[in-house]
Amino acid sequence: ETGVTQTPRHLVMGMTNKKSLKCEQHLGHNAMYWYKQSAKKPLELMFVYNFKEQTENNSVPSRFSPECPNSSHLFLHLHTLQPEDSALYLCASSQARRVMNTEAFFGQGTRLTVV
Amino acid sequence: AQTVTQSQPEMSVQEAETVTLSCTYDTSESNYYLFWYKQPPSRQMILVIRQEAYKQQNATENRFSVNFQKAAKSFSLKISDSQLGDTAMYFCASNSGGSNYKLTFGKGTLLTVNP
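As structure tokens, then:
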């Protein structure tokens, strides 16, 4: 257990559904991240939040909408997804930016299947 | 832009033996950190070892050590006395900080330790 908790662990949704992924960390970190992990591809950084402000959007389609109400919580709102969006979505947290040696702590991920 | 390449999609090793996982990277930054992360079947990514580019001495953590060749931009992971619990996906990652802390990952190497 790394101190980063993601819910749900598994999610199956239709292309017209709206759902949200939740991430929570109790490590006192102030940077949080969403990554997408697809088979046979490198982890793709989607969004970065520092002190609740979005500092990076890695050209992610608008059907993915992140929300960071405070430094401990991060959400990923999903709507009108495509089957190719099926993947493992990982949340991570770390100390603030500019601390290059800091370790990122990951959650267990949400396995998303879009049908 | 940073790139990380892991050329071995899968590897296997016998229990108690030594195995080396390869990683090459490319970055234009002068200072950066390199990491190896492990993702076991439970999916939670955990840090195995980290190396600062300015340090010539190779990092070690118990049975895990790295061979950092800065000129060649190579960062391999050696696992000694392999154990069944070492079976996992191993990801090499780099972070150059700058204006944003952003880990760039390779595609990963699936290591299987056989009894």
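Taken in sequence, the protein lines are chains A and B.
Just so we're aligned: 40 in our numbering is position 40 of the first sequence, and the numbers increase by one with no gaps anywhere.
Just so we're aligned: 1103 in our numbering is position 103 of the second sequence, and the numbers increase by one with no gaps anywhere.
We treat Cβ as the ideally placed atom computed from N, Cα and C, and that holds for glycine.
In this structure, the straight-line span from the alpha carbon of residue 1065 (chain B) to that of residue 1083 (chain B) is close to 15 Å. Not a single C-beta of chain A is nearer than 8 Å to the C-beta of residue 1028 (chain B).
Taking each of B:1017, B:1016 and B:1021 in turn and checking the Cα distance to residue 1090 (chain B), the smallest one comes out for B:1021. The Cβ atoms of residue 1044 (chain B) and residue 108 (chain A) lie closer than 8 Å to each other. Within the same chain, 1006, 1089, 1090 and 1091 come within 7 Å of residue 1108 (chain B) by CB-CB distance, once the 5 residues on both sides are set aside. The C-beta separation of residue 112 (chain A) from residue 85 (chain A) comes to about 7 Å, placing the pair in contact by the 8 Å criterion. Look at residue 84 (chain A): its C-beta is not under 8 Å from any C-beta on chain B.
Close to residue 1106 (chain B), with beta-carbon spacing below 7 Å, are these residues of chain A in chain order: 42. The alpha carbon of residue 22 (chain A) has as its nearest neighbour, out of A:33, A:29 and A:43, the alpha carbon of A:33. The beta-carbon distance between residue 51 (chain A) and residue 66 (chain A), rounded to whole angstroms, is 15 Å. This is too long to meet the 8 Å contact definition.
Residue-level contact by beta carbon fails for residue 1110 (chain B) and chain A, as no gap is shorter than 8 Å. The region 73-80 of chain A makes contact with the region 12-21 of chain A: 3 or more CB pairs, one atom from each, lie closer than 8 Å.
Around the beta-carbon of residue 1054 (chain B), fewer than 16 other beta-carbon atoms lie within 10 Å, marking it exposed.
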